[in-house]
Structures are given as C-alpha cells and as structure tokens.
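Just below is one structure, and these are the notes that go with it.
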Amino acid sequence: MAHDPAIGIHDLSFATTELVLPHTVLAAHNGTDIGKYHRGIGQRSMSVPAADEDIVTMGATAAAPVVARHGTDGIRTVILATESSVDQAKSAGVYVHSLLGLPSATRVVELKQACYGGTAALQFAIGLVRRDPAQRVLVVASDISKYELDSPGEATQGAAAVAMLVGADPALVRIEEPSGVFTADVMDFWRPNYRDTALVDGQESIGAYLLAVEGSWKDYTERGGRTLDEFAAFCYHQPFTRMAHKAHRHLLNHCGYDVDEDRITRDLALTTAYNNVIGNSYTASVYLALAALLDQADDLTGRAIGFLSYGSGSVAEFFAGGVVPGYREHLRTKAHREAIDRRRPVGHARYRELHGHSFPADGGDHRTPAETTGPYRLAALRGHQRVYESLQCRG
Ligand code: CAA
Numbered sequence: 171m172a173h174d175p176a177i178g179i180h181d182l183s184f185a186t187t188e189l190v191l192p193h194t195v196l197a198a199h200n201g202t203d204i205g206k207y208h209r210g211i212g213q214r215s216m217s218v219p220a221a222d223e224d225i226v227t228m229g230a231t232a233a234a235p236v237v238a239r240h241g242t243d244g245i246r247t248v249i250l251a252t253e254s255s256v257d258q259a260k261s262a263g264v265y266v267h268s269l270l271g272l273p274s275a276t277r278v279v280e281l282k283q284a285c286y287g288g289t290a291a292l293q294f295a296i297g298l299v300r301r302d303p304a305q306r307v308l309v310v311a312s313d314i315s316k317y318e319l320d321s322p323g324e325a326t327q328g329a330a331a332v333a334m335l336v337g338a339d340p341a342l343v344r345i346e347e348p349s350g351v352f353t354a355d356v357m358d359f360w361r362p363n364y365r366d367t368a369l370v371d372g373q374e375s376i377g378a379y380l381l382a383v384e385g386s387w388k389d390y391t392e393r394g395g396r397t398l399d400e401f402a403a404f405c406y407h408q409p410f411t412r413m414a415h416k417a418h419r420h421l422l423n424h425c426g427y428d429v430d431e432d433r434i435t436r437d438l439a440l441t442t443a444y445n446n447v448i449g450n451s452y453t454a455s456v457y458l459a460l461a462a463l464l465d466q467a468d469d470l471t472g473r474a475i476g477f478l479s480y481g482s483g484s485v486a487e488f489f490a491g492g493v494v495p496g497y498r499e500h501l502r503t504k505a506h507r508e509a510i511d512r513r514r515p516v517g518h519a520r521y522r523e524l525h526g527h528s529f530p531a532d533g534g535d536h537r538t539p540a541e542t543t544g545p546y547r548l549a550a551l552r553g554h555q556r557v558y559e560s561l562q563c564r565g
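First residue of the sequence shown? That's 171 in the working numbering, and the numbers climb one at a time after it.
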C-alpha cells in the first residue's frame, strides 16, 4: 500500500512595515518605566505601517519571493488569514493574487478567527494537499494590530505578514497528526465592524489564553500526541513575547513539571527574536516565532517543534512539526533580517497621526502619500475602491 506523503511548510517568507516605533520613544512620551516594556511584556519596538501600506501590500511583499523561487505551478489555492481585513465581502487574497500575477485558475478565500486564522489556513491547506499531493497552497497570514492610543494595549501593537507554501514532501517542516483543538466562547478581545481598534480585557485575555493552552494540550495528549520532553522548542502565539513565557510556564506546571527559568529559556529563547521587535502581528505571530527559531538555531534536523496557536474569542490548537533534513539550505535568514533592519524610525507625532488616519467614506478620489519603499503600495481609495500599485508600475 502506498504511504501518504509528508505534508507541511515548503517555504516561509515574511514582510513587515516601512516604519518602526521603539518602545523607548513610547515610554518617553507616556511616562512608563521602560523596564515594563522591555522586561514586563518583552517588547523593544513595534512595526508601524506607512500611509500606503496595509495587509495586502504586506501579504504580497511576503509572498512574492515564494512565487519567485517556486513559480506558480501547482498553486491552485490561496488562503489569506487576517483579522484586520480591508473589505467585508472581497477577500484581501484576491488583491494579493492580482499583485503577484497568479493564474486565473486559482481559488482564493479569506479566513478569520482572530489570531488563530493562520493556523486554520495551514491545516485546511494540508487537507487540500492530502486530497491531491500534486497541488500546493499559498497561505498568507497578514495583520496590523491596533489598540486605542494611550490604552494598555498600545504597547502591544505591531504588523507583519507571513507567506507559507504548503505542499507534499516539504523542504522545511512536516506538520504531524494529531492536533489538539479547543474552543470556548469568551469575550477577551474582539473588534466590532464599526471600530478600527480592538476592544480587550487584558487580564481576561491572558487567562483565556492559558485556559486554551490547557484545553488544546489535553485534546492533543488524548489523541496520542508526543510528550513534552520530545520537543526541541515551542512556538507560541506571541501577542507580546512574555506571553509565551507565561503560557509555557503554565503548560509545564499543568503537566506536573518543576519549572525553572532555564528550562523555559531553553524551550523558547530562539522563538522571540522577531516578535520582540515587530510586535503583535496576530495571525502571523506564531509563524514569525517559527521563522526566528529556524533562522537562529544551530541545527534542528529531525527534531520536533511544538506549536500553540491562540485566537481570542477563542480557538486554540496545539500541534507538532518535524524539521526536515536539509532545511537550512531553504531558509531566508538574510532577507528576514533585512526586512526588520530596513524599517525607518517614525517620530511619536507622526506615529499618532498615522494611527488616526482613515479614508473619508465619501467615494471620492483619495490618494495616499508615497511613503513605502517596498514593492507594493496602496496608491488611493477611488470611488470606494482600493487602488494598489506594484514597483514595476511605478517605474
Ligand atoms: N519593570 C519590569 N516589569 C514591570 C515593570 C517594570 N518597571 N512594571 C510592570 N512590569 C511588569 C508587570 O509586573 C507585569 O508582569 P506580569 O504579567 O508577569 O505580572 C507586566 O509588566 C505587565 O504589567 P501590567 O499587567 O501592569 O500591564 P498592563 O496593565 O499595562 O497590561 C497587557 C498588559 C494586559 C498585556 C496589555 O498590554 C494588553 O491589554 N494587551 C493586549 C491584549 C493581549 O495582548 N492579550 C494577550 C492574550 S490574548 C491574545 O494572545 C490574542 C491577541 O493577540 C490579542
């Protein structure tokens, strides 16, 4: 009998914004002790989108190198996961599909369940590849996290997109069965359609996350998953990087381990480097943790990685991935570092101005200032339609 092929992440690339706000600048303006940001929540800076950047431009920027490396052969599905969408009807993925010049023989859809959406996209993609192993699915997780100015959430904003090519015989990480899943109807964090900033009960959200860690781990073990000691590292959803520490400590305690800081550091240290300077990227965050781990670890060949994806509201999933021999030849470590290092510091006043920016809803012709130096930009809102440009069009 033929064996099912391994399925998982064949390529991974991320993009972030043109601008960055260091937490030292935020702290200087709101009088917070910088220790609260650097140690208390584990954040050093946050990515800030320029006026002409959004989830579409970030998503296309993340995915373009994947398409350039692998071509479009076999890509018949694009799944874009986001909770900061730009339209109630049209998938942001259709704009990305267009900017990338993907073939018309493609299905494109957008998925939402808070920060969990990227993992839903990955798992649904695996199902499609299982049905036809010749196909590949382009998964894009793209988000801008936005809280009210001067609220406790402000320091946990950020923005990024991760693009993953999901296919059979993957070059990076095989995604394993089983998965442990968990859903609970809680109001820890949400964003009604009429708001562009999230509503959140901070402490409730941390408690809901920890409950979801327990719930998804319980289901994972009941379905015959690995034991904790088998994992080389754990990639958690990181709304702020200290949250990964809280979650891992909780899981270890829950499993009866005597928890020492060294163990937590060993299991998590390499996963926080990107999120700690980018901030919360919602659906992309857990896969930025993976990128940081793969880019920095000496050699993870054959090792198992644990993933804990959490989306407020809430849905969570614990699953495992096995690192594929030869994976290091396929990493994009240099490009990832460049995406972070190329960001320009934004002044506090301009940051607040950008935060408050929204297009008038009058259907007029509203151009955006040309700010981004990235390959794609949101050029205007014209007649209620978003107008995107690629670098080639800009000459
Ligand atoms: N030096 C060092 N540490 C300090 C400090 C200092 N000077 N001052 C405070 N701290 C520590 C505190 O002791 C605290 O640590 P512990 O949590 O370990 O006790 C930490 O810094 C944060 O301090 P506070 O709890 O007082 O901070 P806060 O009231 O301003 O709120 C927050 C923090 C709740 C995370 C807030 O930023 C928030 O609401 N963020 C958005 C919600 C969020 O990210 N929730 C996470 C779970 S939900 C999820 O994961 C989905 C998602 O993406 C949103």
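All residues carry an ideal CB built from backbone N, CA and C; glycine is no exception.
query: C-alpha gap between Gly-426 and Thr-227, whole angstroms; result: 45 angstroms
query: Closer than 6 angstroms: Phe-359 CB and nearest ligand 1 heavy atom; result: yes
query: Nonlocal neighbours in the same chain, by C-beta distance under 6 angstroms from Gly-178, ignoring five residues either side; result: Pro-340, Val-343, Arg-344 and Ile-345
query: Extent of the continuous alpha helix (DSSP H) run through Val-226; result: 225 to 240
query: At least three beta-carbon pairs within less than 8 angstroms, the segment 247 to 260 to the segment 452 to 463; result: yes
query: Collapsed DSSP secondary structure at Pro-322 in the structure displayed; result: helix
query: Runs of alpha helix (DSSP H) wholly within the segment 485 to 556 (minimum 4 residues, chain order); result: 503 to 511 and 518 to 526
query: Cβ pair Ala-220, Leu-189 closer than 7 angstroms; result: yes
query: Neighbourhood of Ser-183 by C-beta distance below 6 angstroms, restricted to the same chain and skipping five residues each side; result: Ala-232, Pro-235, Val-236, Ala-333 and Arg-502
query: 4-residue-minimum alpha helix (DSSP H) runs that sit fully inside the segment 238 to 302, ordered along the chain; result: 262 to 270 and 287 to 301
query: Which of helix, strand or coil DSSP assigns to Thr-353; result: strand
query: Residue burial classification, Ala-329 (beta-carbon count within 10 angstroms, cutoff 16); result: buried
query: Whole-Å CB distance - Gln-408 paired with Thr-442, under 8 angstroms assumed; result: 6 angstroms
query: Straight-line gap, Asp-257 to His-554 (C-alpha atoms, nearest Å); result: 10 angstroms
query: Own chain, CB closer than 6 angstroms to Val-557, minus 5 neighbours either side, in chain order; result: Ala-549 and Ala-550
query: Integer-rounded CB distance, given that Ala-338 should sit under 8 angstroms from Pro-303; result: 4 angstroms
query: Burial state of Leu-561 (16 or more Cβ within 10 Å); result: exposed
query: Assigned exposure category for Gln-373 - 16 Cβ within 10 Å defines buried; result: exposed
query: Distance cut-off 6 angstroms: Val-383 Cβ against heavy atoms of ligand 1; result: no
query: Backbone secondary structure at Arg-361 - three-state DSSP; result: coil
query: Span separating the alpha-carbon of Gly-377 from that of Ala-238; result: 42 angstroms
query: Beta carbon of Glu-384 nearer than 7 angstroms to that of His-415; result: no
query: C-beta atoms of Leu-421 and Val-429 nearer than 7 angstroms; result: no
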